[in-house]
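Visitor: Could you have a look at this structure, given as structure tokens, before my questions?
In this note's numbering, the protein residues as written are 14 to 631.
As structure tokens, this is what we get:
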């Protein structure tokens, strides 16, 4: 999870990517061109590509057109399935998801353009994001079973030419990542991920593909892969002391001349970084969403496929400050909902190829049917995951919902707090910290989360706790907890005491996502949204008594937040007293299975509330 601006479309589940402010723009033109309602052929035609377009025929014509396709943020969506609803994926916009749809679109374009004139790349975040990715990383990990990861199986079958690594590739640790890379036919690239203490790349920095076009000398297309510097924060436990992540701009400046010197006629960058120029963290790390900065500041780049922000940006042109040349950029929407398609025209002059024309668009994968052969390749693996998530773990005495969790203390979120508190309390028993009160922090990850009355399954719990976080215990003082809560309360818009009660309109101030509204359990407090940010927390008490500034508490917190994700104060530097790498989702499943029952009357306590000028809103 990382700070986000205004989101476009539904919030991805089991995924944690920054979504930058839609209105934020760097230099350049033509940020968006929405093509969501077009057919595949219609979108390509609008971009200037007739359905039967082919590269220039041999002869006097010295030009050739190549097509570069790209995906990003697939997040382990193999087929068009929603593991949380146990049904085919559906949203209000009519989108579909999965590599099986991508495959059909890719094959259609290959047939129209000529397979020899096309390439297929990816911009990262592939192996995490759905229960499918989780299952083959933790339940039946490919590192132990030797099975081929479903995303490797499908990407190999579709014929990807190269992929860049996203930040979520590091979620499950380096051994799992290395195993997946070893199963991939396509090279996995990340030029700015280096061995700690060196500038030596830990992965392949780039690849140069030779395209043999009829009647012409080969075209050499170089792809530079860049991953996100935020990995150093978001997966600190997995990479600290092993890998470091360098600035995207400086890394591109190092490697683009090398690629050109090795004969690349075309240089493309696949970057797992948005284009806003913003970061969800401070200035200790290089810029998170630096794709447009790379285009603007690094000479010699023709095109950039980028991702990370989960947006549909069909085309954006950025002018390089040094050369004055235009760089074409495109971001395909996440989960396989879109395919970016670049059209690059090269002209042969004085014995070398030069890019003389460039354009891009995105095509909606709902314009094609699922590729049945691709879907069959992972049917067995998919079915295993469906069976897993539908396992019953407990019985709930009543229906619980997270719909109001962003403005009310709800029982369903208190269940997360209950499990975290119990786990940390058990862990510190008998230690020097056993006498300290244990508090818990949780956030409303998904307003759509529910527990039905009656049977609760793993998928119900997965729908509530959608991230692959682990649990830690850290020590905070009363003063630090007050600061932390004030920071969290920035999530609300300042609202007059007499304004109509419309809580849904009060949230997400300045684009703060729901998952950055942290709530505490174990202490009581009010959030006065009529006050200015920084002065909103009132009546902060523990067991009825005001909390002293120097009073110490052990706080149960997830690894993302403890690592600095979201920029909350104090927590990343607080002493850690528990870190057994226990997955919070699995802890919830284990707790529910052990008790057999989920009864909110036994654990739900309203310990915080919204107020305006001291008067409760509800």
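For each residue, glycine too, the CB sits at the ideal point set by N, CA and C.
#1: Could you check whether the segment 125-134 touches the segment 150-166, counting it as contact only if at least three pairs of C-beta atoms, one from each stretch, sit closer than 8 Å?
#2: Give every residue of the same chain whose Cβ lies closer than 8 Å to the Cβ of residue 502, excluding the five residues on either side of it in the sequence, and list them in chain order.
#3: Name the two residues that bound the continuous alpha helix (DSSP H) containing residue 162.
#4: Name the one or two DSSP bridge partners that residue 217 has.
#5: Is residue 566 helix, strand or coil by DSSP?
#6: Is the beta carbon of residue 620 closer than 8 Å to that of residue 531?
#7: Below 8 Å between beta carbons: does that hold for residue 476 and residue 408?
#8: Below 8 Å between beta carbons: does that hold for residue 500 and residue 616?
#9: Would you mind working out which of 83, 312, 179 and 507 sits nearest residue 204, comparing C-alpha positions?
#10: With which residues is residue 541 paired in a DSSP beta bridge?
#11: At a cut of 8 Å, does the segment 242-252 reach the segment 174-193 through at least three beta carbon pairs?
#12: Taking residue 100 as part of the beta strand (DSSP E), name the residues at either end of that continuous run.
#13: Can the beta-carbon of residue 269 be found closer than 8 Å to that of residue 313?
#14: Can you tell me whether residue 210 is buried or exposed, with buried defined as 16 or more other CB within 10 angstroms of its CB?
#15: DSSP three-state label for residue 366, please.
#16: What is the DSSP secondary structure of residue 617, reduced to helix, strand or coil?
#17: Which value, in whole angstroms, describes the spacing of the CA atoms of residue 218 and residue 292?
#18: Restricting to Cα atoms, I'd like to know which of 151, 300, 148 and 430 is closest to residue 486.
#19: By the 10 Å Cβ neighbour count, where 16 or more other Cβ atoms means buried, how is residue 208 classified, buried or exposed?
#20: Name the two residues that bound the continuous alpha helix (DSSP H) containing residue 394.
#21: Using DSSP bridges, identify the partner residues of residue 183.
#22: Assuming residue 459 contacts residue 415 (C-beta within less than 8 Å), just tell me the rounded distance between them.
#23: If you measure between the beta carbons of residue 93 and residue 107, is that distance less than 8 Å?
#24: Please identify the residue among 346, 100 and 428 whose C-alpha is closest to the C-alpha of residue 618.
#25: Between which two residues does the alpha helix (DSSP H) carrying residue 272 extend?
#26: Among the residues of its own chain, which have a CB less than 6 Å from the CB of residue 577, if the five just before and after it don't count?
#27: Thinking C-beta only, is residue 587 closer than 8 Å to residue 433?
#28: Does residue 392 pass the burial test, meaning 16 or more other C-beta atoms within 10 Å, or should it be called exposed?
#29: What's the call for residue 611, buried or exposed, on a 16-neighbour Cβ count within 10 Å?
#30: Please find out if some non-hydrogen atom of the ligand ADP comes closer than 7 Å to the beta-carbon of residue 180.
#31: Whose C-alpha, out of 340, 199, 455 and 544, is nearest the C-alpha of residue 331?
#32: How many angstroms separate the CA atom of residue 276 from the CA atom of residue 402?
#33: Could you check which residue in 524, 326, 397 and 237 has the C-alpha nearest to that of residue 261?
#34: With respect to the alpha helix (DSSP H) encompassing residue 10, which residues constitute its N-terminal and C-terminal limits?
#35: Leaving out the 5 sequence neighbours to the left and right, which residues in its chain are closer than 8 Å to residue 608 when beta-carbon positions are compared?
#36: With 16 as the cutoff for other CB atoms within 10 Å, does residue 241 come out buried or exposed?
Guide: The relevant details are as follows:
#1: no
#2: 540, 542, 546, 549 and 550
#3: Taken as a continuous stretch (DSSP letters only), residue 162 belongs to no alpha helix (DSSP H), as it is neither H nor E.
#4: 202
#5: strand
#6: no
#7: no
#8: no
#9: 179
#10: 624
#11: yes
#12: Segment: none, residue 100 is in no beta strand (DSSP E) and carries neither H nor E.
#13: yes
#14: exposed
#15: strand
#16: coil
#17: 23 Å
#18: 430
#19: exposed
#20: 392-402
#21: Beta-bridge pairing links residue 183 to no other residue.
#22: 6 Å
#23: no
#24: 428
#25: 261-274
#26: 246 and 585
#27: no
#28: exposed
#29: buried
#30: This structure lacks the ligand ADP, and indeed carries no ligand of any kind.
#31: 340
#32: 50 Å
#33: 237
#34: Beyond the ends of the chain as shown, which are 14 and 631, falls residue 10; an answer cannot be given.
#35: 407
#36: buried
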